[in-house]
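**Q** Please find one structure pasted underneath; my questions will follow.
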Amino acid sequence: MPDRTVPPEVVILPGTDIDGEWERFEVFEALHHGMHICNPMTSEHLDALIDALGPTPGDRMLDIACGHGELLIRAAERATVRAVGVDLSPWALVRAFETTKQRTTIGTIEWLLGDAKRAGGDERYDIVTCLGASWIWHGFLGTARAVADRSVPGGRVAIGDLRLAEDVDPAAFADAHGSFPTLEAQAQMLESAGIEVVDRIESGLTGWDAYQGRIMRSVEAWQRAHPGPRSDDYVAEQRRWHQDHLRDREFLRWTVWVGRVAS
Ligand SMILES: C[S@@+](CC[C@H](N)C(=O)[O-])C[C@H]1O[C@@H](n2cnc3c(N)ncnc32)[C@H](O)[C@@H]1O
Numbered sequence: 005m006p007d008r009t010v011p012p013e014v015v016i017l018p019g020t021d022i023d024g025e026w027e028r029f030e031v032f033e034a035l036h037h038g039m040h041i042c043n044p045m046t047s048e049h050l051d052a053l054i055d056a057l058g059p060t061p062g063d064r065m066l067d068i069a070c071g072h073g074e075l076l077i078r079a080a081e082r083a084t085v086r087a088v089g090v091d092l093s094p095w096a097l098v099r100a101f102e103t104t105k106q107r108t109t110i111g112t113i114e115w116l117l118g119d120a121k122r123a124g125g126d127e128r129y130d131i132v133t134c135l136g137a138s139w140i141w142h143g144f145l146g147t148a149r150a151v152a153d154r155s156v157p158g159g160r161v162a163i164g165d166l167r168l169a170e171d172v173d174p175a176a177f178a179d180a181h182g183s184f185p186t187l188e189a190q191a192q193m194l195e196s197a198g199i200e201v202v203d204r205i206e207s208g209l210t211g212w213d214a215y216q217g218r219i220m221r222s223v224e225a226w227q228r229a230h231p232g233p234r235s236d237d238y239v240a241e242q243r244r245w246h247q248d249h250l251r252d253r254e255f256l257r258w259t260v261w262v263g264r265v266a267s
């Protein structure tokens, strides 16, 4: 377990309650520390996403809620990008920073610790991504607007989020489990945010099941390393996630949209 210090190279955004975030995100750490990609994408999907985004020398990249930083690290291994990753979890951000030192990057990455809503300022980026963190802007439409707002005209963007599977009745599902957009609704929200869709990567059930498996192995390793009531709570949390997954896997899909912002 890290000693809860943030290396000086990591930029702490003003107003970030570091002690509070170490505490708050410990459960996410317990469930995710053993993986590079904290979403249902496989390693091949992530490479395909970077292909689709096509980072070129000098591109400015922003990854919102970057987790362990794998997307930016891979992009910076390919091209001399100037990247920024922001995440509110000190666990995740410190890991992203430490992982970068073990990889051979030709681009640069600045790691920002804090709430993504506070990051970026007036800066505009050639590539803006947000995978698996749409709640920050209260859903898919808010996320689409947020990535478009941070992009240069004509910039490339990607958003990964859950949606309803084809042939699922939105009203019936919402009554039982909560509201999720359909594929068509997500496409319309992208259009209304000024994003033209250029590609779509579907993780499929195999990818989603594999992510759930990574979460289970991660929390079990955490419990072995840190036995006690807190770890027992984290295992219980993982079991709830797994039950939800078994309940929902027939009805939900995880999709990464790749788009281009209107010029
Ligand atoms: C499901 S993970 C996805 C991580 C990464 N994008 C990936 O796909 O591997 C969600 C991430 O959102 C981060 N997060 C949650 N709330 C945030 C906020 N308000 N600002 C920035 N990051 C946040 C979490 O710390 C976590 O790393």
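Just so it is clear: in the sequence shown, position 156 is 160 by our numbering, and no numbers are missing.
Note that beta-carbon positions come from the ideal geometry of N, C-alpha and C, so glycine has one too.
In this text, all values refer to a predicted model and were calculated from it rather than measured experimentally.
#1: How many Å lie between residue 154 and residue 87 at the Cα?
#2: Within the same chain, show all residues whose beta-carbon is closer than 8 Å to that of residue 29, passing over the 5 residues directly before and after it, in chain order.
#3: Considering Cα atoms alone, identify which of 147, 205, 156 and 200 is closest to residue 65.
#4: If we ignore side chains and look at the alpha-carbon of each, how far apart do residue 242 and residue 174 end up?
#5: Measuring straight from C-alpha to C-alpha, what distance separates residue 181 and residue 255?
#6: List the endpoints of the continuous beta strand (DSSP E) containing residue 202.
#7: So what's residue 241 in DSSP terms, helix, strand or just coil?
#8: Check whether the Cβ atoms of residue 205 and residue 245 lie closer than 9 Å to each other.
#9: Do you know how far the Cα of residue 21 is from the Cα of residue 164?
#10: Measuring from the CB of residue 246, is there a heavy atom of ligand 1 at a distance below 8 Å?
#11: Does the segment 68-84 come close enough to the segment 136-143 that 3 or more CB-CB pairs lie under 8 Å?
#12: Only counting the same chain, and skipping five residues up and downstream in sequence, which positions put a Cβ closer than 7 Å to that of residue 209?
#13: In terms of residues, what are the limits of the beta strand (DSSP E) holding residue 256?
#14: Do residue 172 and ligand 1 come close, with the Cβ less than 8 Å from some heavy atom?
#15: Please confirm whether residue 148 and residue 193 have their CB atoms less than 9 Å apart.
**A** Well, looking at it:
#1: Reading the sequence shown from its first residue, position 150 is the one you call residue 154. Reading the sequence shown from its first residue, position 83 is the one you call residue 87. Their backbone Cα atoms lie some 13 Å apart in a straight line.
#2: Sequence index remark: in the sequence shown, residue 29 carries index 25 (1-based). 92, 93, 94, 95 and 96.
#3: Translated into the one-based positions of the sequence shown, residue 65 becomes position 61. For residue 65, the nearest C-alpha among the options comes from 156.
#4: For the purposes of this step, residue 242 is taken as the residue at position 238 of the sequence shown. For the purposes of this step, residue 174 is taken as the residue at position 170 of the sequence shown. The alpha-carbon atoms of residue 242 and residue 174 are separated by roughly 27 Å.
#5: Working through the sequence shown from its first residue, we reach residue 181 at position 177. Working through the sequence shown from its first residue, we reach residue 255 at position 251. Distance from the CA atom of residue 181 to the CA atom of residue 255, rounded to whole angstroms, is 10 Å.
#6: Along the sequence shown, one-based indexing puts residue 202 at 198. Where residue 202 is concerned, the enclosing beta strand (DSSP E) stretches over 199-206.
#7: Taking the first residue of the sequence shown as 1, we reach residue 241 at position 237. DSSP places residue 241 in helix when its eight states are reduced to three.
#8: By one-based count along the sequence shown, residue 205 stands at place 201. By one-based count along the sequence shown, residue 245 stands at place 241. Result no, Cβ atoms of residue 205 and residue 245 do not sit closer than 9 Å.
#9: Translated into the one-based positions of the sequence shown, residue 164 becomes position 160. Translated into the one-based positions of the sequence shown, residue 21 becomes position 17. Taking the straight line joining both Cα atoms gives about 27 Å.
#10: Taking the sequence shown and counting its residues from 1, one reaches residue 246 at position 242. With a cut-off of 8 Å, the C-beta of residue 246 is classified as distant from ligand 1, since no heavy atom of the ligand falls inside that distance.
#11: yes
#12: Sequence index remark: in the sequence shown, residue 209 carries index 205 (1-based). Excluding positions up to five away in sequence, the list reads 253.
#13: Here residue 256 is taken as the residue at index 252 of the sequence shown, counted from 1. Unbroken beta strand (DSSP E) run through residue 256: 256-265.
#14: Here residue 172 refers to the residue found at position 168 of the sequence shown. Incorrect: residue 172 has no Cβ contact closer than 8 Å to ligand 1.
#15: Here residue 148 refers to the residue found at position 144 when the sequence shown is read from its first residue. Here residue 193 refers to the residue found at position 189 when the sequence shown is read from its first residue. The answer is yes: Cβ separation under 9 Å.
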